[in-house]
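First up is the structure itself, then whatever we jot down about it.
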Amino acid sequence: MEDTYAIALQRLNSNDKESPISLAYFGIFDGHGGKEAAEFARQNLCQRILEQDDFWASSSSNVTNGEISSEETMVTSEKEVDDKILSAIRKGFLQCHSDMWNDLPKWIKTSSGLPSTSGCTASVVFVRGNKLYIGHVGDSAIVLGVGDSLYQPWECVRLTKDHKPEDPSELKRIRDSGGNVLCKTGVHRVVWNRPKVSHSHNHRHSQHSHHYSHRTSAINSQSMTNEYEQIPFLAVSRALGDLWSLNSRTNMYSVSPEPELTVIEINPFKHRCLILASDGLWNMMTPEDAVEIVRSCDVKTEEMILKAEDDDQRPFRNPSHELVQKSLTRWRERMLRADNVTCITVMLDQPGPPFSDCIVLKKKQHNFGSTSSSTTSIYSDDTIDMDNGTVFSTPPKHANDKPVLHRTTSKHNENILTPISNGQQSSTTPLR
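Heads up, the sequence shown is in UniProt numbering, so the first residue is 1 and it goes up one at a time.
Here you go:
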């Protein structure tokens with residue numbers, strides 16, 4: 001299993017688990033060539049971003065009584081705040097990628113004894129106030145569900161663009177970096193100029209590594225041989241890791257770690273959900289299908305709560321579970337070997353009480369009769385509070401009418417991996 005994910009939350013009051021969420025982080029990492037890069041990104045990317053001073057920028061309109069935390073960077077406009085936060089995300093991506101060089105000696109080598117070819121997509125979202133800040137490399141797409149009502153179809157807005165080698169701008173960048181793209185069995189792939197390594201070369205490389213950094217060693221080991229094999233290797237053009245793609249002549253990566261950045265202002269009365277997923281899901285369903293599945297889960301959740309005998313019962317239809325199961329079913333129906341499938345669904349509730357409280361109130365107002373329900377509630381609460389040993393060091397200021405993140409779900413097609421706190425998983429039904 002090479003997919004993984006990370007979820008981290010900071011609350012306004014770290015001692016109150018029902019306190020509003022002031023900052024949230026969600027990330028999907030789809031690994032290839034081994035699990036090492038995806039696991040490294042899961043554990044380190046969020047931290048690398050939050051270490052950037054610019055991430056804590058605050059505009060003058062968000063400062064109370066002219067006071068500002070010493071850890072926050074004061075700027076004058078909302079646009080400047082957005083630019084600084086996006087800049088921090090970019091720097092965090094690049095720093096995380098660079099730090100992988102130090103970890104590379106621990107990663108499993110290829111069968112021919114070359115350094116690991118492990119890499120991963122990375123698609124992350126920070127929810128801060130009424131904004132979504134997005135950074136991504138690769139093809140783990142993020143989509144936004146938009147709608148006026150729970151009972152009418154929601155529209156879908158794609159927030160990321162897949163980074164593929166055949167894209168004209170990506171193809172030009174790859175070639176400018178000294179790389180190339182070849183098509184194999186109908187799929188365009190970034191070429192790996194794989195060195196033909198002899199036994200004596202392996203010995204020289206081992207000695208050389210004692211005297212230079214691992215990055216310098218890898219570049220020099222490329223230049224010590226003139227024999228290469230051109231291998232059509234990777235079907236994404238941007239990723240973290242894939243250190244094999246560093247060109248010794250240009251000192252540039254053909255598989256770029258440079259993230260594409262986006263900021264979205266949330267309208268909590270229209271924006272309904274966020275879906276982050278690996279391509280194992282998107283290869284089996286359209287974003288429109290996925291958004292409709294999430295909407296139908298909320299409809300079913302409402303129906304189950306209305307039918308519950310006890311108002312304290314809060315059955316819940318997990319949209320991430322539904323998305324993954326439907327995806328796996330489609331893989332089987334097409335008689336294909338299923339890819340890894342990982343999904344995070346974030347419900348952007350309107351300001352006010354939790355979703356389930358609103359349904360119970362509606363139930364009381366309309367005097368619904370209670371009937372038993374055999375529906376099984378499926379929920380895995382994989383979020384973590386990051387206030388003890390937190391990586392979130394300074395809570396941001398907030399605008400009014402920001403969305404309420406009462407409900408976040410994630411689902412893996414195998415074991416759900418431990419979030420970045422390395423704490424124990426919980427399996428409880430949240431107060432929604």
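All C-beta atoms, glycine included, are put in the ideal place defined by N, C-alpha and C.
Residue i - DSSP class collapsed to helix/strand/coil
i, result
"F40", "helix"
"M252", "coil"
"G92", "helix"
"residue 463", "A question about residue 463 goes unanswered here, because the residues of the chain that appear run from 1 up to 432."
"N340", "coil"
"G113", "coil"
"M347", "strand"
"W192", "strand"
"V187", "strand"
"H163", "coil"
"D16", "coil"
"residue 482", "Residue 482 falls outside the range modelled here, since the chain spans only 1 to 432, and no answer is possible."
"G389", "Reliability fails at G389, whose pLDDT of 36 lies under 50, so the model's placement of it is uncertain and no value is given."
"V157", "strand"
"residue 440", "A question about residue 440 goes unanswered here, because the residues of the chain that appear run from 1 up to 432."
"V236", "coil"
"I85", "helix"
"I49", "helix"
Residue i, enclosing beta strand (DSSP E) - first and last residue
i, result
"G27", "21 to 32"
"V263", "260 to 265"
"S245", "Taken as a continuous stretch (DSSP letters only), S245 belongs to no beta strand (DSSP E), as it is neither H nor E."
"A57", "57 to 59"
"Y151", "Run containing Y151: none; DSSP gives neither H nor E here."
Environment of residue i [buried if 16+ CB atoms lie within 10 Å]
i, result
"S177", "buried"
"T64", "With a pLDDT of only 44 at T64, under 50, the local geometry of the prediction cannot be trusted, and the value read off the model is given with reservation. Looking at its Cβ environment, which holds fewer than 16 other Cβ atoms inside 10 Å, T64 is exposed."
"E18", "exposed"
"L12", "exposed"
"F26", "buried"
"Y253", "buried"
"P105", "exposed"
Identity of the residue in the options nearest residue i by Cα
i, options, result
"N247", "T262, P195, G280, E292", "P195"
"A277", "R175, D339, V187, F93", "D339"
"E265", "V127, H97, L12, R295", "V127"
"N283", "R332, P105, K35", "R332"
"D298", "L150, E80, V124, G34", "L150"
"L132", "S140, S123, D139", "S123"
"T185", "L144, C156, G179, L234", "L234"
"H271", "T160, Q43, L261, E155", "E155"
"Q325", "F29, R334, V341", "V341"
"G138", "Y5, W101, A239, Q43", "A239"
Residue range of the unbroken alpha helix (DSSP H) whose run includes residue i
i, result
"S169", "168 to 176"
"K184", "K184 -> not in any alpha helix (DSSP H); beta strand (DSSP E) instead, spanning 181 to 184."
"L323", "319 to 333"
"D3", "From DSSP, D3 is part of no alpha helix (DSSP H) but of the beta strand (DSSP E) over 3 to 11."
"L281", "279 to 282"
Counterpart residues of residue i in DSSP-defined beta bridges
i, result
"H271", "V146"
"R295", "DSSP lists no partner for R295."
"I231", "W192"
"L276", "I142, I344"
"L132", "V127, I264"
Residue i beta carbon near the ligand ADP (any heavy atom closer than 6 Å)
i, result
"D167", "Inclusion of the ligand ADP in the displayed structure is not the case, the ligand content being empty and no account of it being possible."
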